[in-house]
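**Q** My structure is below; once you've seen it, I'll send some questions.
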Amino acid sequence: MDIRFLESFLSVVERGSIADAARHLGITPAAVSQRIKALEDQIRQPLLTRAGRTVVPTSSGCAILDKSREIISSVTELKRIAGHDTLAGNLHIGAISSALTGLLPLALNTFFAENPNVELRVTPGQSLQLYDDVFTGRLDGAVIVEPPFPVPKTCGWIRLRSEPMIVLTSEKCEMTDPIEVLKSHLFLRYDRNQWGGRIVDNFLRQQGIVPKSELDMDALEAISIMVSHNIGVALLPDWAPPWPSGLSVRKLTLPDDCPQRHIGFLWTLSSSNSDAIRKFRENIVSCQF
Numbered sequence: 275m276d277i278r279f280l281e282s283f284l285s286v287v288e289r290g291s292i293a294d295a296a297r298h299l300g301i302t303p304a305a306v307s308q309r310i311k312a313l314e315d316q317i318r319q320p321l322l323t324r325a326g327r328t329v330v331p332t333s334s335g336c337a338i339l340d341k342s343r344e345i346i347s348s349v350t351e352l353k354r355i356a357g358h359d360t361l362a363g364n365l366h367i368g369a370i371s372s373a374l375t376g377l378l379p380l381a382l383n384t385f386f387a388e389n390p391n392v393e394l395r396v397t398p399g400q401s402l403q404l405y406d407d408v409f410t411g412r413l414d415g416a417v418i419v420e421p422p423f424p425v426p427k428t429c430g431w432i433r434l435r436s437e438p439m440i441v442l443t444s445e446k447c448e449m450t451d452p453i454e455v456l457k458s459h460l461f462l463r464y465d466r467n468q469w470g471g472r473i474v475d476n477f478l479r480q481q482g483i484v485p486k487s488e489l490d491m492d493a494l495e496a497i498s499i500m501v502s503h504n505i506g507v508a509l510l511p512d513w514a515p516p517w518p519s520g521l522s523v524r525k526l527t528l529p530d531d532c533p534q535r536h537i538g539f540l541w542t543l544s545s546s547n548s549d550a551i552r553k554f555r556e557n558i559v560s561c562q563f
């Protein structure tokens, strides 16, 4: 039996979609379907069925789920042993956009150099979705904004960086009081549907600040460029560099008790890739700044 058949089967079950599984595995949906068909032919039982728009395991499929995970984990361990204790296998990590450019590059460079037999995939996304992907096992781990609630016992969490909120203005703005700046200019709001945006929203309410007008946006880099063009002002986390080049902006600091956006690494404790996750975690902790 080809181990890739089991990997494809588990990927479809975890994602509920052949198309999503194909994207995760880096192959075509037709190839995933062929692997599932080959596995069903070998086991002589149907393993998947449709429930509305979702693909779910049959009773036979449910029966082999745990054993399939054990087999894949055992094969990964065999590769590691055969490689004289070098790590091997697949590792799937998620990251928010500011981490992709700030925290990850040096950590990835070190990880690839030290673990050439690990196939590492990085998926960009927003914290809420990446958190859900880790919690449900679609990702092994993710660099995200710290959740506004306790992390479940099935996951691990380590804080990597704390970013104070700042008021960002164009260099053309001559005002120096950050609170007055927020009250008197078009406010480019950090999307309140994101966890970082909720920190901004809470601060405004606590300070009794009601911007005279506002424009919602969901990308920090885009907001900073808008500010540079003197379209408005923003309340943002002072995220890890690099920032977009050529900006003409000023950063106005808030009082010492200003809110912060905390960035950290979330990982699942039940992953079969625990050794690779641990190594990645060590790399990113050592590379933080």
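Under our numbering, the first residue of the sequence shown carries the number 275, and numbering increases by one thereafter. For every residue, glycine included, the Cβ atom is placed at its ideal position computed from N, Cα and C.
Select from I453, A508, Q468, S502 the residue whose C-alpha is nearest the C-alpha of I483.
**A** I453
**Q** Determine the direct distance from the alpha carbon of P518 to that of T542, and round the result to whole angstroms.
**A** 33 Å
**Q** Can you tell me whether DSSP reads F423 as helix, strand or coil?
**A** coil
**Q** Pull up the CB-CB distance for F611 and A312, whole angstroms please, since I reckon it's below 8 Å.
**A** For residue 611 there is no data in the structure shown, the boundaries of the chain being 275 and 563.
**Q** V523 to H536, Cα distance in whole Å?
**A** 23 Å
**Q** Excluding the five sequence neighbours on either side, which residues of its own chain have a C-beta within less than 7 Å of the C-beta of P320, listed in chain order?
**A** E314, T332, S334
**Q** From which residue to which residue does the beta strand (DSSP E) around V507 run?
**A** Element bounds for V507: n/a, residue is neither H nor E.
**Q** Buried or exposed: which applies to G376, given that a residue is buried once 16 or more other Cβ atoms fall within 10 Å of its Cβ?
**A** buried
**Q** Which ranges does the alpha helix (DSSP H) cover as unbroken runs of at least 4 residues, wholly within the stretch 427-484, from first to last along the chain?
**A** Counting whole runs of 4 or more residues, the stretch 427-484 contains the alpha helix (DSSP H) stretches 452-458, 469-481.
**Q** So, with DSSP's three-state summary, where would you put L273?
**A** With the chain running from 275 to 563 in the structure shown, residue 273 is simply not present.
**Q** What is the residue span of the beta strand (DSSP E) that R524 lies within?
**A** 523-527
**Q** Within its chain, find whatever has a CB closer than 6 Å to the CB of A381; leave out the 5 residues flanking it on each side and keep chain order.
**A** N557, I558, C561
**Q** Below 8 Å on the Cβ atoms is my contact criterion, and I expect L456 with V441 to pass it. Report the Cβ-Cβ distance as a whole number of Å.
**A** 6 Å
**Q** So the candidates are L526, V425, I497, N389; which of them puts its Cα closest to the Cα of I551?
**A** N389
**Q** Which residue's Cα is closest to the Cα of L394: S401, F477, D414?
**A** D414
**Q** Using 10 angstroms around the beta-carbon of Q316, count the other beta-carbons present and answer buried if the total reaches 16, otherwise exposed.
**A** exposed
**Q** How close, in whole Å, do the beta carbons of P398 and D512 come, if the pair is a contact with beta carbons under 8 Å?
**A** Not really, about 21 Å apart at Cβ, beyond 8 Å.
**Q** Three-state secondary structure (DSSP) at T302?
**A** coil
**Q** The beta strand (DSSP E) spanning A369 covers which residue range?
**A** 363-369
**Q** Can you give me the start and stop residues for the beta strand (DSSP E) that L540 sits inside?
**A** It spans 534-542 - the beta strand (DSSP E) in which L540 sits, taken as one unbroken run.
**Q** Residues in the same chain with beta-carbon distance under 8 Å from S458, minus the five sequence neighbours each way, listed in chain order, please.
**A** M449, K486
**Q** Give the straight-line distance between the Cα atoms of I345 and C336, rounded to the nearest whole angstrom.
**A** Answer to the nearest angstrom: the Cα atoms are 15 Å apart.
**Q** In terms of residue numbering, what span does the alpha helix (DSSP H) encompassing L284 cover?
**A** 277-289
**Q** Tell me whether L489 sits in a helix, a strand or coil according to DSSP, three-state version.
**A** Three-state result, L489: strand.
**Q** To the nearest angstrom, how far is the alpha carbon of L339 from that of A416?
**A** 24 Å
**Q** Need the endpoints of the beta strand (DSSP E) that R318 sits in, please.
**A** Run containing R318: none; DSSP gives neither H nor E here.
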